[in-house]
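What follows is a short report on a single structure.
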Amino acid sequence: MQAPAGWLPEAVSARLKLYLVLGSPFCRHSPEEVLQAAIRGGITLFQYREKGNGALTGNKLVELGRRLRFICRENGIPFIVNDDLELALELDAEGLHVGQEDAEKAGVAELRCRLGPSRILGVSAHNVEEAKAAVRDGADYLGVGPMYTTSSKTDACEVQGPSLIRRLRGEGIFMPIVGIGGITASRSGDVIRAGADGVAVISSITGSADPEKEAGQIHEMVHQARGHAGML
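Each residue of the sequence shown is one higher than the last, beginning at 1 in UniProt numbering.
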């Protein structure tokens, strides 16, 4: 798909609705099968995050990325790469998401400059100060969490819960926000009602025996919560 010249907050908000984050170590089925099933279930954004035990490297990392990007392009789903600017550029991704460590190391403003205005830049934030810095330096959205206990990230920070999103909104941070960490269908509504634009999901979908059904259930819960919040 062709990215717009610049992503307006409303467009980013709509894409964050159901954000699948996937890497091969967490997939119960092949990554390609999981992605295709999740698209049928209603995901709106995709992130390629190849980390953890058994993660691919080198040519295999790039080759899988190309296959997943092709599936996304065929279905009109923006393709985001996690933490690797060079890989994002090589795969002609629609955007990049960086955690705090990478954001501090590379500099969000520098990443924004290298990505250009037509690509999405997401930044993880775990407190008000990190969120305000990301807004100042040119991020398009914030990944806030972990909302709940998660097994997908061995280096995850302390659980914050949806209350962190309320706190960010209370501090006047109106940039699009996606909640991440331990998200399931039953929890997704609480995250949206706290002020998030969407939810990012890893193992609930990638580890499911039926990724399409799981994605569909989360999509429906998010859709209902966004509707009640007047976000549709």
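Here a beta-carbon is modelled for each residue, glycine too, at the ideal position from N, C-alpha and C.
Query	Result
Beta-carbon spacing of Glu-171, Val-128 below 8 Å	yes
C-beta atoms of Val-81 and Leu-96 nearer than 8 Å	yes
Contact under 8 Å by Cβ, Ala-43 with Ala-229	It is worth fixing the name first, because residue 43 is Ile in this sequence and not Ala. Not a contact, by the Cβ cut-off of 8 Å.
Under the three-state DSSP convention, the category Gly-227 falls into	helix
Three-pair Cβ contact test at 8 Å for the region 114–123 versus the region 144–152	no
Nearest to residue 235 (by Cα), restricted to the options Pro-117, Asp-190, Lys-17 and Ile-202	Residue 235 falls outside the range modelled here, since the chain spans only 1 to 232, and no answer is possible.
Val-159 in three-state terms, based on DSSP	coil
8 Å Cβ cutoff met for Arg-69 and Ala-88	no
Local conformation of Leu-18 per DSSP, three classes	strand
Sequence-distant residues of its chain with Cβ nearer than 6 Å to Ala-133 (five each side left out)	none
Buried versus exposed, by CB contacts within 10 Å (16 or more), Arg-136	exposed
Beta-carbon gap between Leu-20 and Ile-205 smaller than 8 Å	yes
C-beta atoms of Val-222 and Leu-18 nearer than 8 Å	yes
Residues near Arg-15 by beta carbon distance below 7 Å, same chain, minus five either side	Thr-44, Leu-45 and Pro-78
CA nearest to the CA of Gln-217, picked from Arg-166, Arg-187, Ala-194 and Ile-173	Arg-187
Pairwise C-alpha distance: His-126 and Ala-37	31 Å
Coil, strand or helix - Asn-53 by DSSP	coil
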